[in-house]
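In the working numbering, the protein residues as written are -1 to 65.
Every residue, glycine too, gets a C-beta built ideally from N, C-alpha and C.
As structure tokens, the structure follows; a few thoughts come after it.
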Amino acid sequence: MIYVDTSALAKLVVDEAESAALSAWLDERADEILATSILTRVELVRAATRHSAQARLAALALLGELA
């Protein structure tokens, strides 16, 4: 199991420094379960919403895949 926090998940929904590196690292561990906290779920949606409607939708989709 890999725990991901808000800053890591934000890199997966908005193109930021290290987004590509994180995506590649996670792709190498595709068999691992990704988990996060309830607080991270709230923080990510709020941060993504401030960025754009598209980022908000991407955040909601990503959160639907997490444990």
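Buried/exposed call for Val40, threshold 16 Cβ in 10 Å: For the purposes of this step, residue 40 is taken as the residue at position 42 of the sequence shown. Looking at its Cβ environment, which holds fewer than 16 other Cβ atoms inside 10 Å, Val40 is exposed.
At least three beta-carbon pairs within less than 8 Å, the region 40 to 51 to the region 2 to 12: yes
For Val40, the first and last residue of its enclosing alpha helix (DSSP H): For the purposes of this step, residue 40 is taken as residue 42 along the sequence shown, with counting starting at 1. From DSSP, the alpha helix (DSSP H) with Val40 extends over Ile36 to His49.
Counterpart residues of Ile31 in DSSP-defined beta bridges: Here residue 31 refers to the residue found at position 33 of the sequence shown. DSSP output for Ile31 lists no bridge partner at all.
Rounded Cβ spacing between Val2 and Leu37 (contact assumed at less than 8 Å): Counting from 1 along the sequence shown, the entry for residue 2 is found at position 4. Counting from 1 along the sequence shown, the entry for residue 37 is found at position 39. 13 Å between Cβ atoms; not a contact.
Limits of the alpha helix (DSSP H) - the one that Ala65 falls within: The residue labelled residue 65 in the question sits at position 67 within the sequence shown. No alpha helix (DSSP H) holds Ala65; DSSP gives it neither H nor E.
Residue environment, Ala22, which counts as buried when at least 16 other CB atoms sit within 10 Å: Residue 22 sits at position 24 when you count from the first residue of the sequence shown. That one is exposed.
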